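Engineer: Heads up: the sequence shown runs through residues 126 to 1143, numbered per my numbering.
Before I ask anything, here is the structure I am working with.
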Amino acid sequence: MVARNASACAKGAASWLKRQGGACAVAWALLLVAVTLLPGLAHAIEAIPVDPAAPVTDITVKGELYEGRGDRLQIETAPGPDGYIGRMAVQASTPGTNPNWLVFALSNPTDERIVRWLVAPRYTLANSGVFRPELDAPRITAVTPSLGFRPEPLKSDRADMFRLNIEPGQTVTYAAELASTRVPRLTLWNSNAYQAKQQDRMLFNGVLLGITGLLAIFLTAIFAANHRAIFPATALVAWAALVYFCVDFGFWNKLFPVGPDRTAVYRAAAEAGLAASLVLFLYTFLRIGLWHVWIKTMFWGWIAAQFALIVVAIIDPQTASGLARASTLLLAGVGTVLIAYFALRGQDRAMSLIPSWMLLIVWLLGASMIVLGKLSGEVVVSGLVAGLVLILVLLGFTVTQFAFRTGGGAVSLGPPSLVQMKSLAVDGSGTHVFQWHAGRDVITVGSDIENELGLDPGALNVTVDEFLQHMHASDRERFRLMLWSLQERQGGDLQTDFRLRRHDGTYLWYDLRAHAAPNENVRLLRCVGLLRDVTGLKRSHERLMHDAVHDSLTGLPNRELFMDRLQGAITRAAEGQSNRPTVLFIDIDRFKNVNKSFGLVIGDSMLLTLGRRLGRHLNPQDTLARLGGDQFAILLISDSDPHHVATLAERVRRALRTPMKISAKEIILTASIGIVVHDGTHMTSQDMLRDGEIAMLRAKRGGADRIEIFNAAMRTEDESHLPLESELRMALDRQQITVLYQPITRLASNQLAGFEALLRWDHPTRGRLAADDFIPLAEESGLIVDLGSYVLNQALEQAASWHRVLPRDRDPLFVSVNVSSRQLFRQDMVQEIRLVLARESVPKGTLKLEITESLVMENPERAVEILTWLKTYGASLALDDFGTGYSSLSYLHRFPFDVIKVDRSLVRDSSLNGQTPLILRSVIALAHELGKEVVAEGVETQADASYLRSIGCEFGQGYYYGEPMSAKDVAALLAALASHRKRRQRERARAEPDAPSGLEIESQSQEPLPALPGPSTA
């Protein structure tokens, strides 16, 4: 087609218009406008200079698009170097198609011919769309130049390409007839640069294809070795991706004789297959088939629909591709929900899939932005393809970890069968299968037991007689008899434990639980069960049994074991089967001073040394025991000769006197020893040990380092001095222990503040005994725990009744209870007090625990911890007898005490001349500085009370305010106080109407408070 020259006409018209008048000028102007607006006629465009050094030039945005202009288009050419503008007309290749046209102009500013390739890709992922995307299709039907020959089409399966020749200094306008409604991306390439670009792309695509292919082959090979469904499912994803890459990279047309016009079908089918394989992988990997039936059915319908899209791609590729892309987005959402749900339920597969799925979500986000046109460029598309390969590799790593697991985790989805649950229970319990075939007399056990015992494989799959050779000699006959019993009963249960010998000669304990189904034919009888290694359990039991009857420090038998052996010796002696037993009761003199001076660690070390010294003088038949604290006992059975016994006692006494070097000092310990010989009158071990204790106490009263032999006269003499353990135990059972309550008064207001709980023993023969007469014995015998619990429960029960009789919103009545050392450091002490406080529901601070200064100094660190717990649970703490022990100011601030209780000796001596009043004032001032209140004991006179009130003491306790009284007397006192308070409230209520507003009226006439009753005589 030849362009028409219009430049001369334009110049002539312009000169003529200058010569003519206005009317002619208007007419010619209208004529030019009409010509311009003729249908199919286009204006000239601006030429694009071609840079010979540029490898590629994008001309899409620099051209002009003409839509709906019909089959014929008239355009003006771009002006040449001389400014000449021509006109050209182009005709559609196929009439009636009404194509779109893209017009552009190229100029050659050089003096050499320029050859360029015009490239329009048949398919690009960028801006292809989600629903009905633009797939592989021809983009340019023909290219018409304004000068020269038509551009030569170049053969390519991936793009429409034309060779453009531009002569030196020439400007050529091109009209490209588009084959589709979408405008393709047109680029002008240097031929060498384009070929180099294609080679680089083929190398990159080849690497990605190689990785994907190897991964697909690897996963398929794993399935051949491990037949789990996750491996073919993952391999299917890799194979589908491989097919998609072959289509997208253009290798599919090279592998198979397929024309470029069918590439869109294969691309749509590949996308549908990839989406279907992802759905199948998610279903298989997460074991959705073990979940609810309707979920399983829904997934299988989804998978079938995905694979059906492959068939749809043959009919309508765009629809199939659009549905596949939408399904992939849906899969991302559904998969995210399922993985999160299963991961929260602890499924290991879901947790391992989280990294891969997160990467897939990011990849789909990037792909969505690309297909929607938000991102474009070859680098972006190549990165997206590489990201898909990375996802495949990560999926391969994820599933490979499940390839050769020897034991899978428990099925966490769906209801497993009973057989599966039993199998999982056996595997998880660490037991081994045991089987005995009665007809063949053969025992079969699991190979794991042979490994545990270090035996050769099959060493325990033998006859019963051979199996018994591996068993401990003490267990053989018992085991054989149990098997015979099963045969006689023709079935039944077999439950026993026995020991099997290891290769090194040691033994392991096994527990057998088996059952033989009833069968009349004994030869067909089979006993099947489980063997479990219980060696650790047996040893723990042995250790517990040993610790229960042995002292934790010295390892010697404790009181319980000693009493058991003594009772056995008494029984055998009564039957004439052995010698008369002899007991040596040993008490280390002043050992508590050693603990105070050197500490508990040194004291324990010395007790260990004493235990070893005593053990050297005994025969194997004799028993050395530690009864508790600093007391030991020796049971002699090997020799009952009095002379030999006396000699042994002397050796023991001298052994204990041997000096011990502690901190470069020699410490000499002595002991008081009581000896008692069984004379036929001792019926129980408790009686005999009591007589030995009486003899020891007789020796201790006579002076340190003495030996006394018991005689009956000592028993009568000692009963007048000290109640013994059995009587105290009976007193607790018979409720002969009474709790009295001594009032504690707030000095500033002379108001009753609370009571201190005091113990008294109403002995049937000795009368009422004070706490000092039996508390030491209770601590030594261990009865102090029961005694303390009794006092605590009684005191809090009474305190709860006090609050009901005399309720106080502020400053409620409290009760003080003394705590001993054995109580404080007992493990369940804190829990017991917490439960008692919760049961009685008393106000916080009602219970005050009085703890002596010497007690907390025995173990300060442990004491701080226990006291903190007690205070947290609502108990108040009082430091008792301050001023009589350490009076350690460095430790005082560390203990969480609320109250300091000053000993009565400081109050008694405060009226004397000297430094005692100064010390008392200093103690009270120190307590106030530390934020603690002070209770002064021993307030005997009004002068004592006035003096204490003057120096700021908060509370007073003593006979001036009242003697210890019974619970009944306390109830009467509180009832009187409550009645008096109600009477005052009524008087105040009657007086208030006459009082002026805003003023407080105090009654001038008040009846005196009722006097505190004296001590109970009951």
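The beta-carbon is built from N, C-alpha and C at its ideal position, and this holds for glycine as well.
Predicted model only: the values in this text are computed from it and were never measured.
Kindly indicate the opening and closing residues of the beta strand (DSSP E) around C652.
Structural biologist: The residue you call residue 652 lines up with position 527 of the sequence shown. C652 -> beta strand (DSSP E) spans 651-658.
Engineer: On a Cα-Cα basis, can you pick out the residue from D858, A873, I336, E852 that is closest to T1154?
Structural biologist: A query on residue 1154 cannot be resolved here, the shown segment of the chain reaching from 126 to 1143 and no further.
Engineer: Which value, in whole angstroms, describes the spacing of the CA atoms of W153 and G211?
Structural biologist: In the sequence shown, residue 153 corresponds to position 28, counting from 1. In the sequence shown, residue 211 corresponds to position 86, counting from 1. Note on W153: pLDDT 42, under 50, position unreliable in the model; no value is reported.
Engineer: Can you tell me the Cα-Cα spacing of I1049 and V1059, whole angstroms?
Structural biologist: Reading the sequence shown from its first residue, position 924 is the one you call residue 1049. Reading the sequence shown from its first residue, position 934 is the one you call residue 1059. Looking at the two C-alpha atoms, the distance is approximately 7 Å.
Engineer: Between the segment 650-662 and the segment 557-574, can you find at least three pairs of beta-carbon atoms closer than 8 Å?
Structural biologist: Counting Cβ pairs under 8 Å, three or more are found: they touch.
Engineer: In angstroms with no decimal places, state the Cα-to-Cα distance between V308 and G193.
Structural biologist: Sequence index remark: in the sequence shown, residue 308 carries index 183 (1-based). Sequence index remark: in the sequence shown, residue 193 carries index 68 (1-based). If you take the alpha carbons of V308 and G193, they lie about 14 Å apart.
Engineer: Taking the runs of the beta strand (DSSP E) that are 3 residues or longer, which of them lie wholly in the segment 219-287?
Structural biologist: 226-232, 239-246, 265-270, 277-279, all fully within the segment 219-287.
Engineer: CB-CB under 7 Å to S452, same chain, minus the five flanking residues each way: which ones, in chain order?
Structural biologist: Taking the first residue of the sequence shown as position 1, residue 452 is located at position 327. Excluding positions up to five away in sequence, the list reads A400, Q431.
Engineer: Determine, using beta carbons only, whether I793 and M821 come nearer to each other than 8 Å.
Structural biologist: Translated into the one-based positions of the sequence shown, residue 793 becomes position 668. Translated into the one-based positions of the sequence shown, residue 821 becomes position 696. No. Outside cutoff.
Engineer: Does the separation of the CB atoms of V1095 and K1057 fall below 8 Å?
Structural biologist: Numbered from 1 along the sequence shown, position 970 holds the residue referred to as residue 1095. Numbered from 1 along the sequence shown, position 932 holds the residue referred to as residue 1057. No. Outside cutoff.
Engineer: With the cut-off set at 8 Å, would you say V910 and Q867 are in Cβ contact?
Structural biologist: Locating residue 910 in the sequence shown gives position 785, counting from the first residue. Locating residue 867 in the sequence shown gives position 742, counting from the first residue. No, the Cβ-Cβ distance between V910 and Q867 is not below 8 Å.
Engineer: Are there three or more Cβ pairs, one per stretch, closer than 8 Å when the segment 279-294 is compared with the segment 238-247?
Structural biologist: Output reads yes: the segment 238-247 touches the segment 279-294.
Engineer: Taking the straight line between their C-alpha atoms, what separation do you get for D373 and A366?
Structural biologist: The residue you call residue 373 lines up with position 248 of the sequence shown. The residue you call residue 366 lines up with position 241 of the sequence shown. Roughly 10 Å separates the two Cα atoms.
Engineer: For D636, which residues does DSSP report across the bridge?
Structural biologist: Translated into the one-based positions of the sequence shown, residue 636 becomes position 511. Paired residues: D622, R657.
Engineer: Here's the rule I'm using: 16 or more other beta-carbon atoms within 10 Å means buried, otherwise exposed. How should N644 be labelled?
Structural biologist: Counting from one through the sequence shown, the residue named residue 644 turns up at place 519. Exposed is the call here.
Engineer: Please say whether D887 and Q919 have beta carbons closer to each other than 8 Å?
Structural biologist: Position 794 of the sequence shown holds residue 919. Position 762 of the sequence shown holds residue 887. No, the Cβ-Cβ distance between Q919 and D887 is not below 8 Å.
Engineer: Would you kindly work out how many angstroms separate the C-alpha atoms of K825 and L732, rounded to a whole number?
Structural biologist: Looking up residue 825 in the sequence shown gives position 700. Looking up residue 732 in the sequence shown gives position 607. If you take the alpha carbons of K825 and L732, they lie about 19 Å apart.
Engineer: Can you check DSSP and say which residues form a bridge with K786?
Structural biologist: Residue numbering aside, residue 786 sits at position 661 when the sequence shown is read from its first letter. Answer is E791.
Engineer: In the DSSP output, what is T182 paired with across the bridge?
Structural biologist: The residue you call residue 182 lines up with position 57 of the sequence shown. T182 pairs with L313.
Engineer: For V719, list the residues DSSP reports as bridge partners.
Structural biologist: Here residue 719 refers to the residue found at position 594 when the sequence shown is read from its first residue. DSSP lists no partner for V719.
Engineer: Identify which residue in F522, I291, V255, T202 has its Cα closest to the Cα of P234.
Structural biologist: Mapped onto the sequence shown, residue 234 falls at position 109. For P234, the nearest C-alpha among the options comes from I291.
Engineer: Using the Cα positions of A838 and D1069, report the straight-line distance between them to the nearest angstrom.
Structural biologist: In the sequence shown, residue 838 corresponds to position 713, counting from 1. In the sequence shown, residue 1069 corresponds to position 944, counting from 1. Their Cα atoms are separated by approximately 48 Å.
Engineer: Write down the C-beta distance between E975 and D1005 rounded to the nearest angstrom, noting that I regard them as a contact closer than 8 Å.
Structural biologist: Looking up residue 975 in the sequence shown gives position 850. Looking up residue 1005 in the sequence shown gives position 880. With a Cβ gap of about 4 Å, E975 and D1005 count as contacting.
Engineer: Between N744 and V570, what straight-line distance do the alpha-carbon atoms span, to the nearest angstrom?
Structural biologist: Counting from 1 along the sequence shown, the entry for residue 744 is found at position 619. Counting from 1 along the sequence shown, the entry for residue 570 is found at position 445. Straight-line Cα distance between these residues: approximately 47 Å.
Engineer: For V942, which beta-bridge partners are listed by DSSP?
Structural biologist: As a working note, residue 942 is residue 817 in the sequence shown. Partner(s): L974.
Engineer: Classify L752 as helix, strand or coil using the three-state DSSP reduction.
Structural biologist: Looking up residue 752 in the sequence shown gives position 627. Three-state result, L752: strand.
Engineer: Go ahead and label G701 buried or exposed: buried means 16 or more other beta carbons lie within 10 angstroms of its beta carbon, across all protein chains shown.
Structural biologist: For the purposes of this step, residue 701 is taken as the residue at position 576 of the sequence shown. Looking at its Cβ environment, which holds fewer than 16 other Cβ atoms inside 10 Å, G701 is exposed.
Engineer: For Y1084, which residues in the same chain have their Cβ closer than 7 Å to its Cβ, ignoring the five residues on either side in sequence?
Structural biologist: Within the sequence shown, numbered from 1, the residue matching residue 1084 stands at position 959. Closer than 7 Å at the Cβ level, and outside the excluded window around Y1084, lie E1065.
Engineer: Between the beta-carbon of E1079 and the beta-carbon of L872, is there less than 8 Å?
Structural biologist: Sequence index remark: in the sequence shown, residue 1079 carries index 954 (1-based). Sequence index remark: in the sequence shown, residue 872 carries index 747 (1-based). Cβ atoms of E1079 and L872: closer than 8 Å.
Engineer: Report yes if the C-beta distance between V916 and A882 is below 8 Å; otherwise report no.
Structural biologist: Stepping through the sequence shown from its first residue, residue 916 is reached at position 791. Stepping through the sequence shown from its first residue, residue 882 is reached at position 757. Their beta carbons are under 8 Å apart, which means V916 touches A882 by this criterion.
Engineer: List the whole-angstrom C-beta distance separating F1020 from L992, where the pair is believed to meet the contact cut-off of C-beta under 8 Å.
Structural biologist: Along the sequence shown, one-based indexing puts residue 1020 at 895. Along the sequence shown, one-based indexing puts residue 992 at 867. That pair is a contact at about 6 Å.
Engineer: What are the boundary residues of the beta strand (DSSP E) that E1062 is part of?
Structural biologist: Here residue 1062 refers to the residue found at position 937 when the sequence shown is read from its first residue. Looking at the DSSP string, the run of the beta strand (DSSP E) that includes E1062 is 1058-1062.
Engineer: Could you please give the first and the last residue of the uninterrupted alpha helix (DSSP H) stretch that includes E833?
Structural biologist: Here the question's residue 833 lines up with position 708 in the sequence shown. That residue, E833, is in no alpha helix (DSSP H); its beta strand (DSSP E) goes 832-834.
Engineer: Taking A214 as the reference, give the member of N225, R197, Q443, A230 with the closest Cα.
Structural biologist: As a first step, residue 214 must be located in the sequence shown, where it is residue number 89. The shortest C-alpha separation from A214 is found at R197.
Engineer: What are the boundary residues of the beta strand (DSSP E) that includes L198?
Structural biologist: Residue mapping note: residue 198 aligns to position 73 of the sequence shown, counting from 1. Run containing L198: 197-201, per the beta strand (DSSP E) assignment.
Engineer: Could you round the C-beta distance between L484 and L456 to whole angstroms and report it? I think they count as a contact, below 8 Å.
Structural biologist: Within the sequence shown, residue 484 is the residue found at index 359, counting from 1. Within the sequence shown, residue 456 is the residue found at index 331, counting from 1. Not really, about 14 Å apart at Cβ, beyond 8 Å.
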